[in-house]
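Take the sequence shown: its position 288, counting from 1, is numbered 670 in this note's numbering, and each next residue is one higher.
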Amino acid sequence: INKLLKKLAENKNPNILIITSRADFGGGPKHISGLLNHLNDKINFYIACPKDYPYYDMFSSMIGEKRIAVIPHRRFSLLRFVSLIKFVKRKKIDLIHSHGKGAGIYSRMLSPFTDRPVIHTFHGLHIGEYNSVKRVLYLLVEKILSLFTKEFITVSDSERNQILLNKITNKNKLNKIENGVEIPRDKTASFNTTERKLNIVTISRFDFAKNSFLLIPILKELINKKSKFNFTISILGEGKGKENFKNEIASEGLSDNFKLLGAQINIAGYLINSFCYISTSKWEGMPLGVIEAMAVGLPVIATDVTGNKDVVKNNVNGFLFEIEKPEEAAAFILRLAEDNDLWNRLSNSSKELTQKYYSAERMANETLDLYNRILNN
């Protein structure tokens with residue numbers, strides 16, 4: 383009887399396939415983890431993803447390995463695509479939801495072969511490093527794929543505006559659901575201006591988009607100010623450019639000022655033991671690292687770019703600086719270090735904004751509403 387009741391209960395929930403072409407450290411997989419955490423009792427989730435550390439194992443523990451189809455890391459495979467068609471039909475999938483560029487190719491191509499509706503979440507329109515020809519071709523592909531997309535999710539207003547500006551789809555298909563994080567109720571950062579050793583933290587990748595090399599001139603500006611503070615910068619993350627970064631800071635004599643801590647699963651401890659958070663990104667969708675820092679009460683110093691400017695408000699929870707002006711970032715950091723009242727005000731605003739607008743629970747519930755709207759139609 384218990385097995386029968388369990389089966390009946392499961393049958394009430396829709397079967398939804400989540401596709402991501404990466405399951406390593408990153409905002410996309412973490413976003414998916416948030417959906418699973420909050421909706422697993424309402425949705426029968428299935429996932430197509432690579433066998434990457436750490437999220438493949440996390441997803442397996444949350445939904446069971448039998449509900450996971452393995453696809454290559456950020457690469458399209460025709461063989462895997464054919465197996466996904468069979469997977470969708472065999473598992474009686476009701477709806478497909480893709481996250482990120484690579485996953486979006488699989489999902490939209492699946493739609494005509496399976497007759498299933500598709501939702502696609504962009505997680506940033508990553509065209510910043512493309513030359514003009516590659517950019518035109520990519521946007522053309524996205525416009526064609528949009529014909530096979532029931533609805534889109536944008537994670538910020540500025541991302542939505544960028545998609546409309548590039549005419550990828552019409553505004554009626556766009557749904558803004560801002561990223562959210564788990565709110566750590568018992569963990570909070572603190573600061574006192576009597577402290578002399580101040581650590582700045584960032585969750586990043588050593589690549590073009592995250593723009594980690596900008597941290598070097600920012601730190602040099604801080605040193606040149608000859609203030610009473612001794613600044614270090616902790617970088618949580620990996621990437622192809624890490625060795626070049628290490629060589630650069632060594633040649634500048636700054637190796638002792640940087641802590642390259644690698645990718646970390648549990649980041650709260652690193653955040654609460656820091657003085658402020660910095661983002662040097664060239665663009666974002668909706669920056670999860672920034673929001674996670676805000677959740678523990680860190681003021682944020684961030685580049686004035688898509689994604690960052692949706693979350694960071696000048697003199698409210700942090701400061702935005704022009705990407706080509708590292709001296710601006712340094713000036714804001716020193717201003718924070720010298721003014722305890724300012725730090726406390728920005729810290730409190732960071733926590734309040736996160737609790738009000740950027741919780742994972744709110745994000746999951748809004749996503750569930752979209753699922754239900756599509757499935758009920």
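Each residue gets a CB set at the ideal place from its N, CA and C atoms; glycine is no exception.
Nearest-angstrom Cβ-Cβ length linking Glu620 and Gly644, presumed shorter than 8 Å = One-based indexing of the sequence shown puts residue 620 at position 238. One-based indexing of the sequence shown puts residue 644 at position 262. Right, their Cβ atoms sit about 6 Å apart.
Would you decide whether Ile615 is buried or exposed? Buried here means 16 or more other CB atoms lie within 10 Å of its CB.
-> The residue you call residue 615 lines up with position 233 of the sequence shown. Buried.
Going by C-alpha distance, which of Asn426, Ile425 and Ile450 is nearest Tyr437?
-> By one-based count along the sequence shown, residue 437 stands at place 55. For the residues Asn426, Ile425 and Ile450, the minimum Cα distance to Tyr437 belongs to Ile450.
Note down, in chain order, each residue of its chain lying with its Cβ closer than 6 Å to the Cβ of Leu390, except the 5 sequence neighbours on either side.
-> Position 8 of the sequence shown, counted from the start, is the residue given in the question as residue 390. Bear in mind that a pLDDT of 49 at Leu390, under 50, signals an unreliable position, so the model cannot answer this.
Which partner residues does Lys579 have in the DSSP bridge list?
-> Position 197 of the sequence shown holds residue 579. According to DSSP, Lys579 bridges with Asn612.
Gly562 versus Leu757, Arg517, Glu743 and Ile649, residue with shortest Cα-Cα distance | The residue labelled residue 562 in the question sits at position 180 within the sequence shown. Nearest option by C-alpha distance: Glu743.
Under a three-way DSSP split, which group does Leu386 fall into?
-> Taking the first residue of the sequence shown as 1, we reach residue 386 at position 4. Bear in mind that a pLDDT of 46 at Leu386, under 50, signals an unreliable position, so the number given afterwards is only what the model happens to contain. Helix.
In angstroms with no decimal places, state the Cα-to-Cα distance between Glu691 and Arg472.
-> Translated into positions along the sequence shown, residue 691 becomes position 309. Translated into positions along the sequence shown, residue 472 becomes position 90. What sits at residue 691 in the sequence shown is Lys, not Glu. Their Cα atoms are separated by approximately 44 Å.
Whole beta strand (DSSP E) runs in the segment 624–654 with 3 or more residues, listed along the chain?
-> 640–642, all fully within the segment 624–654.
Beta-carbon proximity of Gly679 to Ser732, cut-off 8 Å | In the sequence shown, residue 679 corresponds to position 297, counting from 1. In the sequence shown, residue 732 corresponds to position 350, counting from 1. Yes, the Cβ-Cβ distance between Gly679 and Ser732 is below 8 Å.
Lys558 - containing beta strand (DSSP E), residue span | Here residue 558 corresponds to residue number 176 of the sequence shown, with the count starting at 1. Note, Lys558: beta strand (DSSP E), Leu556 to Lys558.
Following the continuous alpha helix (DSSP H) through His420, name the residue where it begins and the one where it ends.
-> Along the sequence shown, one-based indexing puts residue 420 at 38. It spans Gly409 to Leu421 - the alpha helix (DSSP H) in which His420 sits, taken as one unbroken run.
Top-ranked residue by Cα proximity to Asp686, from Ile582, Glu674, Ala677 and Glu706 = For the purposes of this step, residue 686 is identified with residue 304 of the sequence shown, where counting begins at 1. Residue Glu706 is the option with its Cα nearest to Asp686.
Just checking my contact of Lys550 with Ser528 at CB under 8 Å: how many whole Å lie between their CB atoms?
-> As a first step, residue 550 is located in the sequence shown; it is residue number 168 there, counting from the start. As a first step, residue 528 is located in the sequence shown; it is residue number 146 there, counting from the start. Strictly speaking, residue 550 in this sequence is Ile, with Lys absent from that position. Correct: roughly 6 Å between the Cβ atoms.
Could you tell me the distance, in whole angstroms, from the CA atom of Pro669 to the CA atom of His455?
-> If you number the sequence shown from 1, residue 669 lands on position 287. If you number the sequence shown from 1, residue 455 lands on position 73. Their backbone Cα atoms lie some 22 Å apart in a straight line.
When you compare only the Cα positions, how much space is there between Ser572 and Ile654?
-> Residue numbering aside, residue 572 sits at position 190 when the sequence shown is read from its first letter. Residue numbering aside, residue 654 sits at position 272 when the sequence shown is read from its first letter. Cα-Cα distance, rounded: 7 Å.
What are the boundary residues of the beta strand (DSSP E) that Tyr659 is part of?
-> The residue you call residue 659 lines up with position 277 of the sequence shown. DSSP places Tyr659 inside the beta strand (DSSP E), whose first and last residues are Cys658 to Ser661.
Tell me, please, which residues DSSP counts as bridged to Ile398.
-> Here residue 398 is taken as the residue at index 16 of the sequence shown, counted from 1. DSSP, once it has assigned bridges, lists Phe427 and Leu477 as partnering Ile398.
Identity of the residue in Asp434, Asn747, Asn548 and Ile598 nearest His420 by Cα = As a first step, residue 420 must be located in the sequence shown, where it is residue number 38. Minimum Cα distance to His420 is reached at Asn747.
Beta-carbon gap between His481 and Thr575 smaller than 8 Å = Reading the sequence shown from its first residue, position 99 is the one you call residue 481. Reading the sequence shown from its first residue, position 193 is the one you call residue 575. Cβ atoms of His481 and Thr575: not closer than 8 Å.
Residue span of the beta strand (DSSP E) that contains Ala451, given as start and end = For the purposes of this step, residue 451 is taken as residue 69 along the sequence shown, with counting starting at 1. Where Ala451 is concerned, the enclosing beta strand (DSSP E) stretches over Ile450 to Val452.
If you draw a straight line from the C-alpha of Asp497 to the C-alpha of Ile535, how long is it?
-> Along the sequence shown, one-based indexing puts residue 497 at 115. Along the sequence shown, one-based indexing puts residue 535 at 153. For Asp497 and Ile535, the distance between alpha carbons rounds to 20 Å.
Nearest to Asn730 by CA position, among Glu710, Asn699, Leu716 and Arg404, is which residue?
-> Looking up residue 730 in the sequence shown gives position 348. Closest option to Asn730, Cα to Cα, is Asn699.
For Phe703, the residue or residues it bridges with in DSSP = In the sequence shown, counting from the first residue as 1, residue 703 sits at position 321. Note: Phe703 sits in a beta bridge opposite Thr685.
Taking DSSP as the reference, what is the three-state secondary structure of Thr736?
-> Reading the sequence shown from its first residue, position 354 is the one you call residue 736. Shown here, Thr736 sits in a helix according to DSSP, grouped into three states.
Look at the alpha carbon of Val452 and the alpha carbon of Phe640, and state the distance between them as a whole number of angstroms.
-> Here residue 452 refers to the residue found at position 70 of the sequence shown. Here residue 640 refers to the residue found at position 258 of the sequence shown. Cα to Cα, Val452 sits roughly 37 Å from Phe640.
My guess is that Phe613 and Ile582 are in contact by the Cβ rule of under 8 Å, so how many angstroms apart are they, rounded?
-> Counting from one through the sequence shown, the residue named residue 613 turns up at place 231. Counting from one through the sequence shown, the residue named residue 582 turns up at place 200. Between Phe613 and Ile582 a beta carbon distance of about 6 Å is seen, short of the 8 Å cut, so the two are scored as contacting.
What does Ser741 pair with, by DSSP beta-bridge criteria?
-> The sequence position of residue 741 within the sequence shown is 359, counting from 1. Note: Ser741 sits in a beta bridge opposite Val563.
Extent of the continuous beta strand (DSSP E) to which Thr536 belongs | The residue you call residue 536 lines up with position 154 of the sequence shown. It spans Glu533 to Thr536 - the beta strand (DSSP E) in which Thr536 sits, taken as one unbroken run.
Beta-carbon contacts of Leu386 that lie in its chain and below 7 Å, excluding the five residues immediately before and after = On the sequence shown, residue 386 is found 4 positions in, with the first residue counted as 1. Legend: pLDDT at Leu386 = 46, less than 50; position of this residue unreliable, value from coordinates given subsequently. Once the five neighbours on either side are set aside, Leu386 has no close Cβ partner at all.
What are the partner residues of Thr749, as DSSP defines its beta bridges?
-> For this step, residue 749 is matched to residue 367 along the sequence shown. BP columns for Thr749 are empty, so no partner.
Could you tell me whether the Cβ atoms of Leu752 and Asn557 are closer together than 8 Å?
-> In the sequence shown, residue 752 corresponds to position 370, counting from 1. In the sequence shown, residue 557 corresponds to position 175, counting from 1. Yes, the pair counts as a contact, with Cβ atoms nearer than the cut-off.
To the nearest angstrom, how far is it from the Cα of Val523 to the Cα of Ser633?
-> Here residue 523 is taken as the residue at index 141 of the sequence shown, counted from 1. Here residue 633 is taken as the residue at index 251 of the sequence shown, counted from 1. Near 43 Å, if we compare the C-alpha coordinates of Ser633 and Val523.
Between the C-alpha atoms of Ile478 and Ile398, what's the straight-line distance to the nearest angstrom?
-> For this step, residue 478 is matched to residue 96 along the sequence shown. For this step, residue 398 is matched to residue 16 along the sequence shown. Going from the Cα of Ile478 to the Cα of Ile398 covers about 6 Å.
Identity of the residues DSSP links to Thr584 by a beta bridge = As a working mapping, residue 584 is identified with position 202 in the sequence shown. Paired residues: Ile617.
Kindly indicate which three-state DSSP category Asn758 falls into: helix, strand or coil?
-> As a first step, residue 758 must be located in the sequence shown, where it is residue number 376. Helix, per DSSP.
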